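*Asks:* According to full-length UniProt numbering, numbering within the sequence shown proceeds without interruption in unit steps and concludes at 1241. Glycine included, each C-beta is placed from N, C-alpha and C at the ideal position. These numbers come from a predicted model, not from an experiment. Structure in structure tokens, see below.
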Amino acid sequence: MSCDNKNPLQRNGTGQQQRMPEALKDGYVLVEERDYKEWIVFASQFAQWIKYFDTTNQPNGNWQSFFTSDISAVLGTIAIQDIDEYRRSFKEKFDVLRADKNKLKTDLLKETFNGLFGGILTLCVAIDAAAAKLPDGNPLKETIQNLVRSKLQNEFTQLLAVYKGASIASLVKEATYPDWIILNKQVKSPSHILTNDQLSAAWLNGAATLNDYYQAAGLAANTEIFGTGTEPWQKIHHAVNHNLFTGIFEQFLKAYTRIISDAEHLLLQTLSNWSSHAPHYTLFLTFLKLFKYAKAGINTLTQRHLDFYYKEVLSLVPRAEIPDHVHLVMELAKQTNEYMLAKGSLFKAGKDSLGKELFYALDKDTAFNKASIAALMNVYKGDADDKTGKINNKGRLFAAAIANSQDGKGAELKSLNKEWHPFFIKTYADGKLKSIDTPRAQVGFAVASHYLYLTEGERAIDLTMQFAGGTYEDISETGAFECYATTDKGWYRIKTYEIFCNTNSSGKAYYTVHIMLNGNEPPITNYVAAVHGGSFNCNLPVVKVYLNQGDDMFYYYDSLSGLKIEDIKVSVSVGNSSTYSQSGLKQLSVANDAGLVDTSKPFQPFGALPKAGSSIFIGNKELFCKKNAAVVLNIEWKNLPANGTQIIFPAGTAPGAAFRHLAKGVWTKDLDTSIFNGSTAKVAVTNASGKAIPLADETIVDYADTYQPYNGSSNKGFLRLSLNNDLGNDAYQNQRIVYLVKLAKNPTITDQPPVAPYTPMISSLYASYTASTNSQLNKQDQAVYNERTARYFHLYPFGESEQHAYLNKNATLDFLPQFTHAEETKDHIADNGSFFIGLKDLKPQQSVNVLFQVMEGTSDPTLSVTGTLIHWSYLRNNQWKPFDEQSVVDQTRSLRQSGIISFQIPEDATLQHTMMPTGLIWLKASVSPPNKPAAVCKLLHVAAQAAAVSFADQHNAPDFLNNALPANTISKLKDPVSDVKKISQPYPSFGGKPVETSTHFYMRVNERLRHKDRAITIWDYERLVLEAFPEIHRVKCLNHTKYINKDYNEVAPGHVTVITIPDLVNRNDINPLRPYTNADTLDQVKEFLQKRISCHVQLNVCNPVFEDVLLEFNLKLFSGYEFSYYSNLLKESITALLSPWAYGKADDIRFGGKIEKSVLINFIESQYYVDYITDVKMYHLTEDNQATLTDEDEITASMAISILVSVPADKHLVHQIPDDTATNKITICKDEYNKLTHEKD
């Protein structure tokens, strides 16, 4: 995004502190600017020009002695000195001596070098003279003497030694300095001072005179300070850059500053607390004291002239006060359901600084009722920016049942201000997303049908969903789903399932979820709300299918949510219907002609003496409640003869049985079937083709009815197996009698006794069956709806909703739940965030005012808003309906500022629903692409029954609006009302401003006269924004610069780009290293400027681009400092140096700029715990070079809109130097630092 063609106008923009012109500041120009010290010095100098006449009326000198000897005169002479002028004069001479252009100007160098010595010696003489004038015991005199003894005498001696060396080396040349005055003394040549002036003994270390001290043999000339150069300029240049020489001047500067400061302090004391003034000087000082009143009056002239021009000529006045506002929350009395407070109703707010009562008035007629916030929930859909580690959350759904909690489930908030985001719970570290803490949403579909009533055995379920088109996402073998079924103990997670995807003969796509349950898994039973939770409005078995939310799974919501379902087919099978199986139903209701039998042990199905027509009656609710069922009875015969022909008597083919069903109390024969298979004990009772026997629909019982064992009153729900022939029991008995008679007559007969026929005994009886049903979902016909045998539900995060064209009044049904909202021109607009508000004790056609207290500045400032950010809906019969535009009055700018949103609940809003908790009126705030939920602020509080009140001025104290009204101040009406139980003020007032101050008035008018409320020049843009938006700290306007998204061009005619930096105080930024202006403020700035610019200007208002600076180096700490702790401390220190605003420091943030590696090296090595560093690399991270980093010695911002900032502290790369390598303390880093410094010079 860098720009090759740079804007030639490089500047830092304008800050709030730069707006006030110096000329408008108080005291910039005064008619009388002189203070006490100036008048005292003026009087002492002026007195020398006034002749003194003695008693003979003859001139005899002047009056100066009368005005110079007083203590105040002496102190005034010192206090008036300009230390800045002193510093500047010496700096100018050092600059001359250091400048390369003066190398060949030998005389200039020598004269200037000589002047440095003369200046300090003159200062010594002046300080000594001033001290001599002060009386003994004076604090300033003692200060001067202490400074001379402890600091200045040694520096003075070193200066003389250098001067002596310079004289020997012919590096000084005599010159005069007529315009250079130090402490009221003209600077003279050092040779003149050494010869003609004298200093007190404290300077001379026992010498008699100053010249003796200088000439003494003990004062050796310092020639080493001039280095080894041969040319005069080389020697002088070496000396003026030597720390020893410059240190002398620094010590004298510090001492001189201290003397002047103390003199100013003592002067004020002598003016008011000194009893030894001479009478004539006391009169003079009295005049000065009285003159200050005249001075104060004279000095208002400029102010009065400014007021005259601004207020009288231009008729401009300071802005009036702006009342502050307060949000109140009401609670009605128990006996009152609704109450209206009239506009202007007064509320007590304590007393002001004058003791007068304060009142706030209701802004408008406001109705109150019993409604309150019962639930706050949210659903969030991740996008491409929501990747956390290796987890891709794009398209993933999250849902919090308790939005105002730490974990979305009710945990206490851990944030400092207890703030929370209405759409999601996220954790950030250094401005980067660390985790999404909102629980993952359980979303999918469910099928409820009595066909799913499967109590035992090996069971299989096929849920087949047919879609409207032939296109589908192949999710077979993906594990895309998680399946659960209702059991007596709750939801049972199904362990084994498969997914099949294909198209049918009609070319329509379908998914089949094939579920398998073994005999050890629990029965699938009816849904019971108390056991299973949720809100399925049915008393049927339910299988629900969730999208798999596993970390290692692809989340298929986006891939599947576009499918439109037409019908649902439920197919079940129990046991094996193609062969004998004991994996089917065992818990059968069995009876024979004698009555009920116990199937837990072997039993005789046809009685002890079976005969033709003997029957067994078999029933089972699971089996006989399902139409389209086909059954196989699996019989295991006990003690079956080895010879199958001996089942009957006489031996032959075993009889079959008639298969009958009971309907309307009448047994109807379906077919004849075999129940014996020779000597094979295990027999599958099927039709002639060996397949399951279909059950007639007329025998099917109603699933909702109680199923009773077979009895005389049973009229359906049973099958009957009746023997077609008897087993020969009568013939056997007759034959046995004949045989026994023969045996009695002739015991020796050889005839074999007759073989008794088999008395059928069943060891075990199982029923295998299949059944299926199909429900058309896309038919809006009520009869189709009433006759449905399978119900299809959407599984929402907080409830369920049955889907059918008759219910939705729409033939197009979605396969999965949709998170959408509707607008006037379009239905089903996808949401990427939904915030749900549940209101209790609220009825349709009532209104409710809801306070949303936001934590301003917590929205993502990098996000722009397109169109409407928040769309409000209400819930009606499990369908979200948009509010009419006039039914919602939003004062929060789409949850980006604190305020009240008033809702007029429509008549068709419902309290009973299943997709959200029932019994509440539900409101939904939706955010849809391209907008993002992060564009709204975090919330501190949501409360119903809110009202806005404003300060009602009753001639109260002017200073009242200087501060906000504290929270919990208002709690009563001025005139109490019994219908109102409680009034609370949860937060301080806001928006109030006192009468405009004079300073701001002058500044505003001055700017207004120049820009005339039109944005033409850069100056106009910046001042207009800073005045209208005091929360903006700095503004930079770039002419002919285009910055739209990432399209950046500094040479784009017609474009103007305005870049803002917010006030850095009390910020709530996600990343404090990058202080963005929130998007809402940017929108307001753009709206403000659009009204004041040319129609030909293409305006862009944006945040700056932040470019990171990253350091990498090797670090060796001094012994005893733990590396982990101190390396992290060093990282924090580096970050604070590069981005001080992030650490609460007052350094101004600046556009552009540059950072030098040598400065950072010097800073790092100055830390007390750092021994040395090596291999320092400094990287410049921009959007264009994130992948390739290059070590740089100096980093300059790449664009005019850029700001250089530090990377987060933990991103700096600091490597430990092992102890065994720490042998040489002269490091690479120091060599590098010296090289960089030399290059800079």
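Given 8 Å as the limit, is there contact between the region 1069-1082 and the region 862-875, that is, 3 or more CB pairs closer than that?
*Replies:* The region 1069-1082 is in contact with the region 862-875.
*Asks:* Nearest CA to the CA of Val1101: which residue from Gly382, Glu250 and Thr1057?
*Replies:* Of the listed residues, the one whose Cα sits closest to Val1101 is Thr1057.
*Asks:* Name the one or two DSSP bridge partners that Gln646 has.
*Replies:* Partner(s): none; Gln646 has no beta bridge.
*Asks:* Compute the beta-carbon to beta-carbon distance between Ser873 and Lys809, rounded to the nearest angstrom, for a pair I have assumed lies under 8 Å.
*Replies:* Not really, about 17 Å apart at Cβ, beyond 8 Å.
*Asks:* Could you tell me the boundaries of the beta strand (DSSP E) in which Asp1175 lies?
*Replies:* Here the beta strand (DSSP E) through Asp1175 covers Val1170 to Leu1181.
*Asks:* Measuring only the C-alpha atoms, how far is Arg1034 from Lys1145?
*Replies:* Rounded to the nearest angstrom, the two C-alpha atoms are 16 Å apart.
*Asks:* When you compare the region 796-809 with the region 590-605, are there three or more beta-carbon pairs, one atom per stretch, that lie closer than 8 Å?
*Replies:* With a cut-off of 8 Å, the region 590-605 and the region 796-809 do not count as touching, because too few Cβ pairs lie within range.
*Asks:* If you reduce the DSSP assignment to three classes, tell me which class Val784 lands in.
*Replies:* Three-state DSSP puts Val784 in a helix.
*Asks:* Kindly list the residues whose CB is nearer than 7 Å to the CB of Thr645, restricted to its own chain and excluding five residues on each side of it in sequence; keep chain order.
*Replies:* If we look at Thr645 and ignore the five residues flanking it on each side, its Cβ neighbours are Ala651 and Gly652.
*Asks:* Would you tell me roughly how many angstroms separate the C-alpha atoms of Phe113 and Lys93, rounded to the nearest one?
*Replies:* Near 8 Å, if we compare the C-alpha coordinates of Lys93 and Phe113.
*Asks:* When we look at the beta-carbon of Cys937 and count the other beta-carbons within 10 Å, is it buried (16 or more) or exposed?
*Replies:* It is buried - the Cβ of Cys937 has at least 16 other Cβ atoms within 10 Å.
*Asks:* I'd like to know whether the C-beta atoms of Arg493 and Phe617 end up nearer to each other than 8 Å.
*Replies:* No.
*Asks:* Could you give the C-beta distance for Ala944 and Val850, rounded to a whole number, given that I count them as a contact under 8 Å?
*Replies:* Correct: roughly 5 Å between the Cβ atoms.
*Asks:* Would the beta-carbon of Ile78 fall within 8 Å of that of Ile260?
*Replies:* Yes, they are a contact pair.
*Asks:* Rounded C-beta distance between Ile515 and Tyr497? I'm assuming under 8 Å.
*Replies:* Their Cβ separation, rounded to whole angstroms, is 5 Å, which keeps Ile515 and Tyr497 in contact under 8 Å.
*Asks:* Could you please give the first and the last residue of the uninterrupted alpha helix (DSSP H) stretch that includes Gly1144?
*Replies:* Careful: Gly1144 lies outside any alpha helix (DSSP H) and carries neither H nor E.
*Asks:* Could you check the C-alpha separation between Ala783 and Tyr806 for me, to the nearest Å?
*Replies:* Going by the C-alpha atoms only, they are around 9 Å apart.
*Asks:* Near Gly350, which residues of its chain fall below 6 Å by C-beta distance, leaving aside the five closest residues on each side in sequence?
*Replies:* Cβ neighbours of Gly350 beyond the five flanking positions: Leu358 and Thr969.
*Asks:* Given a cut-off of 8 Å, decide if Thr918 and Ser577 are closer than it, judged by their beta-carbon atoms.
*Replies:* Result no, Cβ atoms of Ser577 and Thr918 do not sit closer than 8 Å.
*Asks:* Do the region 975-993 and the region 321-337 touch if we need at least three Cβ pairs shorter than 8 Å?
*Replies:* Yes: at least three Cβ pairs fall under 8 Å.
*Asks:* Measure the alpha-carbon distance for Ala441 versus Asp474 and round it to whole angstroms.
*Replies:* Those two C-alpha atoms are separated by around 23 Å.
*Asks:* Which residue comes first and which comes last in the beta strand (DSSP E) that contains Trp637?
*Replies:* Here the beta strand (DSSP E) through Trp637 covers Ala630 to Trp637.
*Asks:* Does DSSP put Phe113 in a helix, in a strand, or in coil?
*Replies:* Phe113: helix per DSSP, three-state reduction.
*Asks:* In angstroms, rounded to a whole number, what distance separates the CA positions of Asp1171 and Glu33?
*Replies:* Going from the Cα of Asp1171 to the Cα of Glu33 covers about 54 Å.
*Asks:* Quick check on Ile168: buried or exposed, where buried means 16 or more other Cβ atoms within 10 Å of its Cβ?
*Replies:* Ile168 comes out exposed.
*Asks:* Taking just the CA atoms, how far does Gly533 sit from Leu423?
*Replies:* Note on residue identity: the sequence assigns Phe, not Leu, to residue 423. Approximately 25 Å, taken between the alpha carbons.
*Asks:* Quick one: using the 10 Å Cβ neighbour count with 16 as the cut-off for buried, is Lys742 buried or exposed?
*Replies:* Exposed, since its Cβ has fewer than 16 Cβ neighbours within 10 Å.
*Asks:* Are the beta-carbon atoms belonging to Tyr766 and Gly575 less than 8 Å from one another?
*Replies:* Taking 8 Å as the Cβ cut-off, Tyr766 and Gly575 qualify as a contacting pair.
*Asks:* Quick check: the region 1208-1222 against the region 1124-1133, are there 3 or more CB pairs under 8 Å?
*Replies:* They touch, by the three-pair rule.
*Asks:* So Val499 is in the beta strand (DSSP E); what residue range does that whole segment cover?
*Replies:* Residue 499 is actually Ile in this sequence, not Val. Counting along the chain, the beta strand (DSSP E) containing Ile499 begins and ends at Thr496 to Thr503.
*Asks:* Quick one, which of Lys356, Lys141, Leu109 and Ala202 has its alpha-carbon nearest Ile236's?
*Replies:* Closest by alpha carbon: Leu109.
*Asks:* Taking the beta strand (DSSP E) that His280 falls in, what are its first and last residues?
*Replies:* Per DSSP, His280 belongs to no beta strand (DSSP E); it is in the alpha helix (DSSP H), Pro279 to Ile298.
*Asks:* Quick one: grab the DSSP three-state call for Glu1022.
*Replies:* It is helical.
*Asks:* Drop a sphere of 10 angstroms on the beta-carbon of Gln466, count the other beta-carbons inside from all chains shown, and report buried for 16 or more, exposed for fewer.
*Replies:* Gln466 should be labelled buried.
*Asks:* Which whole-angstrom value is the C-beta distance of Ser834 and Asn378, which I expect to be below 8 Å?
*Replies:* Confirmed, about 6 Å.
*Asks:* Using beta-carbon positions only, say whether Leu140 and Ala294 come within less than 8 Å of one another.
*Replies:* Result no, Cβ atoms of Leu140 and Ala294 do not sit closer than 8 Å.
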